[in-house]
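A.B. asks:
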Amino acid sequence: MDLILLAKAIVLGVVEGLTEFLPISSTGHLILVGDLLDFNDERGKAFEVIIQFGAILAVCWEFREKLWKVASSARTSAISQRFILNLVIASIPAMGLAFVFGKYIKAILFAPIPVASAFIVGALVIFWAERRQQKVILSKSRIQSVDDLTPMDALKVGLAQCAALIPGTSRSGATIIGGMLFGLPRAVATEFSFFLAIPVIGGATAYELLKLWKNPVSLSGDFTWAIVVGFISAFISAFICVRWLIHYVAGHNFIPFAWYRVVFGVLVLVSAYTGLVAWSN
32 MDLILLAKAI VLGVVEGLTE FLPISSTGHL ILVGDLLDFN DERGKAFEVI IQFGAILAVC
92 WEFREKLWKV ASSARTSAIS QRFILNLVIA SIPAMGLAFV FGKYIKAILF APIPVASAFI
152 VGALVIFWAE RRQQKVILSK SRIQSVDDLT PMDALKVGLA QCAALIPGTS RSGATIIGGM
212 LFGLPRAVAT EFSFFLAIPV IGGATAYELL KLWKNPVSLS GDFTWAIVVG FISAFISAFI
272 CVRWLIHYVA GHNFIPFAWY RVVFGVLVLV SAYTGLVAWS N
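Just so we're on the same page, the working numbering is the position in the sequence shown counted from 1, plus 31.
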């Protein structure tokens, strides 16, 4: 058994789980860490797609009561029907653009330097959104929970999510910060981002798995064990992260994540400029 490969799988699984739902970009981190670990070939890309589903299962487990309530009352409850409709509406813009332009985005932007640049730009947006949020009187907001969202609110968040097609931007960051800019309370924007991850990332994972099925890579031997280990690592770390973030947003803002993005992005750019790290193009 290749212990080095398993170690890489654990590291990437933890990175996926910890970053998927924070506004710091899981795709960006996977690109950078995968590049450092020399795990960014076709098998590495297949690995990243599969372990994403582990993070999604963590969300499904954390919100299992809400999801079961919606599913069981979908035929009779107007609230549940609107919740489902909102997820569909919010999912369409990004999934549509990804289907049309995904191949070109991966060919041009899935590299360390564009990712690092997006980290910094995304941080500036977070600073702006948090400053604006302080001026909004949330106690008077008509929205107090995800059940209060209208289809128009969902569409606005869905349009904001399109920014996440640029690696390094962050899907969760785009939906949360976008929701805040459109007037949603931070906690509601964060919770809706969790739910929105299920159809968006689940659909993207299914699409990538279909492509892998048509053009399979080697999933035998040690690599199979690497997938299992990475999947479990992603599930556990994502579950911990989701639990923590729910409590964090109750009394904190996202400014620390913005500073993290700036520092991390600058370090990557400086290391590339000085030749300290031979990042791939």
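Every residue gets a Cβ at the ideal spot worked out from N, C-alpha and C, and that includes glycine. The model shown is predicted, which means the values in this text are computed figures rather than measured ones.
Check T200 in the structure and name its three-state DSSP category.
C.D. replies: If DSSP states are grouped into helix, strand and coil, T200 belongs with coil.
A.B. asks: Looking at C-beta atoms only, is the number of pairs between the region 184-199 and the region 222-241 that lie closer than 8 angstroms three or more?
C.D. replies: yes
A.B. asks: Assuming G199 and P124 form a contact by the criterion Cβ under 8 angstroms, report the distance between their Cβ atoms to the nearest whole angstrom.
C.D. replies: With a Cβ gap of about 19 angstroms, G199 and P124 do not count as contacting.
A.B. asks: Roughly how many angstroms separate the alpha carbons of G44 and G210, rounded to a whole number?
C.D. replies: Taking the CA atoms as reference points, G44 sits about 28 angstroms from G210.
A.B. asks: What whole-angstrom Cβ distance do G65 and G75 have, given they're in contact under 8 angstroms?
C.D. replies: 5 angstroms
A.B. asks: Please list the terminal residues of the continuous alpha helix (DSSP H) segment that includes F78.
C.D. replies: 73-93
A.B. asks: Could you check the C-alpha separation between G282 and R106 for me, to the nearest Å?
C.D. replies: Between G282 and R106, the C-alpha separation is close to 36 angstroms.
A.B. asks: Decide if A40 is buried, meaning its Cβ has at least 16 other Cβ atoms within 10 Å, or exposed.
C.D. replies: buried
A.B. asks: Take C91 as the anchor and find which of V280, L300, S302, F270 has the nearest alpha-carbon.
C.D. replies: F270
A.B. asks: DSSP on D66, reduced to helix/strand/coil?
C.D. replies: helix
A.B. asks: Within a Cβ cutoff of 7 angstroms, which residues of the same chain sit near C272, ignoring the five residues on either side of it in sequence?
C.D. replies: G48, L49, F52, L53
A.B. asks: Give me the Cα-Cα distance between I35 and F266, rounded to the nearest whole angstrom.
C.D. replies: 21 angstroms
A.B. asks: Kindly give me the distance between the Cβ atoms of V219 and S176, rounded to whole angstroms, as I take these residues to be in contact under 8 angstroms.
C.D. replies: 6 angstroms
A.B. asks: Do A205 and I120 come within 7 angstroms of each other at the CB atom, strictly closer than that value?
C.D. replies: no
A.B. asks: Tell me the rounded alpha-carbon separation between L300 and G261.
C.D. replies: 28 angstroms
A.B. asks: Would you mind sorting L180 into buried or exposed? The rule is 16 or more other CB atoms within 10 Å of its CB.
C.D. replies: buried
A.B. asks: Between the C-alpha atoms of A129 and L118, what's the straight-line distance to the nearest angstrom?
C.D. replies: 17 angstroms
A.B. asks: Exposed or buried, what is T305 when buried is set at 16 or more other beta-carbons lying within 10 Å of its beta-carbon?
C.D. replies: exposed
A.B. asks: Among F225, V293, W310, which one has its Cα closest to the Cα of F150?
C.D. replies: V293
A.B. asks: Compute the Euclidean distance between the alpha carbons of E161 and W244, then round it to the nearest angstrom.
C.D. replies: 43 angstroms
A.B. asks: Secondary structure at S56, three-state DSSP: helix, strand or coil?
C.D. replies: coil
A.B. asks: In three-state terms, what does DSSP make of H283?
C.D. replies: coil
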